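Beneath this line is the structure, given in structure tokens, with notes to follow.
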Amino acid sequence: MIVAKVVVVGRAEAGKSTLVNALTARAMNLAVRGRTVAMDHGLLERGADALALVGLPGQKRFAPVRDVLVSGARGALFVHPAGEAYDPATVALLGGHALRNVPYLVFVNRREATPAGVAEESPPGLRPPKAILSGDLAQPGPILRDLQEATWRLLDL
Amino acid sequence: MATRAEQIQQVLKTLVTNTPDFEGAAVVSVDGLVLSSVLPAGTDEDRVSAMAAALLSLGERSSEELQRGTLEQVYVKGSTGYIVLMQVGTEAVLEAIAGPGAKLGMVLLEMKRATAELARLL
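The following block contains the structure:
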């Protein structure tokens with residue numbers, strides 16, 4: 003049974019679709035040449051329960067699609083490429099009407115060699131995240147399991 | 030000799046002026062960028078184009094999941110008219126808007142003709 007919807011947010015090319023594919027079963031991506039045009043969708047299953055993870059399109063022009071998809075979300079995963087400033091459009095989305103009371107966690111996506119051990123700060127101007135995790139989605143390891151568990155904990159489930 | 034862009038624009042203009050029920054039309058890339066448009070003044074082309082691409086991809090996937098075969102059209106009916114999306118080749122979509130009294134059969138026929146012409150141009 004699907005107990006809640008969790009949206010995956012972040013700038014274009016941050017790794018949202020990659021994350022949905024890595025964390026969930028039966029993931030679907032509606033994309034053109036690697037760019038999401040509608041959404042990603044996958045189920046994060048635990049026993050008989052599941053969370054629906056919905057990845058948003060990141061490019062600016064898909065703002066109306068994002069507005070539709072965030073409605074009813076009970077949590078958010080903010081995919082943030084390591085070493086960058088936090089994406090202002092995503093910060094605005096998390097602070098906006100649909101998501102402002104929704105708990106979120108930050109996943110710092112470390113692709114290739116980015117300095118490890120550098121603590122990522124919370125996004126400025128936003129309520130703090132429930133957690134900040136960091137890792138490389140391409141590398142096998144405990145990060146996927148940690149992220150899955152952190153997502154359930156995000157909703158106090 | 031008209032440029033390709035001018036020719037595409039002309040196909041849309043012809044569609045909108047020659048068929049009484051059409052109120053606008055646009056050709057959009059499958060990743061949501063407007064290629065050409067004849068839309069009512071004040072329309073946000075960029076938003077409309079992005080949404081057309083999203084609608085098309087959702088239509089395709091739904092058709093697949095529900096085993097309805099290859100997508101042919103996406104059709105939206107509102108209280109004051111219709112929106113119809115029809116693919117042009119593999120890389121573009123023709124989006125047409127029609128008034129509430131539109132004869133859908135005519136709309137689809139004209140769109141099919143236009144998509145054939147556009148496919149040659151794109």
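Chains as they are written, first to last, in our numbering: chain A, 3 to 159; chain B, 30 to 151.
Ideal Cβ placement from N, Cα and C applies to all residues, glycine included.
Bear in mind the structure is a predicted one, so any value in this text is a computation, not a measurement.
Contact list for residue i against chain C, beta-carbon separation under 8 Å
i	result
Val-10(A)	Annotation note: the requested chain C is absent from the structure, which comprises protein chains A and B.
Where residue i falls: helix, strand or coil (DSSP)
i	result
Asp-42(A)	strand
Asn-103(A)	coil
Pro-126(A)	coil
Arg-76(A)	coil
Glu-124(B)	strand
Arg-13(A)	coil
Asp-75(B)	helix
Met-30(B)	coil
Ala-65(A)	helix
Val-57(B)	strand
Ala-145(B)	helix
Pro-83(A)	strand
Short Cβ contact (9 Å threshold) for residue i with residue j
i	j	result
Val-122(B)	Leu-133(B)	no
Gly-44(A)	Ala-33(A)	no
Ile-37(B)	Leu-151(B)	yes
Met-41(A)	Pro-59(A)	yes
Arg-63(A)	Leu-62(B)	yes
Asp-50(B)	Met-135(B)	yes
Arg-68(A)	Leu-95(A)	yes
Ala-148(B)	Gly-118(B)	yes
Pro-83(A)	Gly-17(A)	yes
Lys-132(A)	Leu-159(A)	no
C-alpha distance - residue i paired with residue j, whole-angstrom precision
i	j	result
Leu-161(A)	Gly-77(A)	A query on residue 161(A) cannot be resolved here, the shown segment of chain A reaching from 3 to 159 and no further.
Val-11(A)	Arg-48(A)	22 Å
Pro-105(A)	Thr-38(A)	24 Å
Glu-35(B)	Val-45(B)	15 Å
Glu-93(B)	Ile-4(A)	22 Å
Leu-21(A)	Leu-139(A)	7 Å
Val-40(B)	Ala-131(B)	20 Å
Thr-99(B)	Gly-128(B)	27 Å
Gln-141(A)	Ala-27(A)	18 Å
Glu-86(A)	Ala-52(A)	32 Å
Arg-7(A)	Leu-71(A)	Sequence inspection shows Lys at residue 7(A); the Arg mentioned does not correspond to that position. Spanning the two alpha carbons is a distance of roughly 10 Å.
Asp-89(A)	Leu-149(A)	21 Å
Gly-57(A)	Ser-86(B)	15 Å
Leu-84(B)	Val-93(A)	26 Å
Gly-98(A)	Asp-73(B)	22 Å
Pro-125(A)	Phe-109(A)	12 Å
Supposed close pair residue i, residue j - CB separation, criterion 8 Å
i	j	result
Gly-110(B)	Glu-52(B)	7 Å
Ile-134(A)	Leu-107(A)	7 Å
Residue i: CB within 8 Å of a non-hydrogen atom of the ligand FMN
i	result
Arg-112(A)	Among the ligands in the structure shown, none appear at all, so the ligand FMN cannot be discussed.
Which residues, in order along the region 59 to 74 of chain B, keep a beta-carbon less than 8 Å from a beta-carbon of chain A? Residues of the region 59 to 74 of chain B with a Cβ closer than 8 Å to any Cβ of chain A, in chain order: Val-59, Asp-60, Gly-61 and Leu-62.
Using a Cβ-Cβ cut-off of less than 8 Å, list which residues of the region 136 to 147 of chain A approach chain B; keep chain order. Of all residues in the region 136 to 147 of chain A, none places a beta-carbon less than 8 Å from a beta-carbon of chain B.
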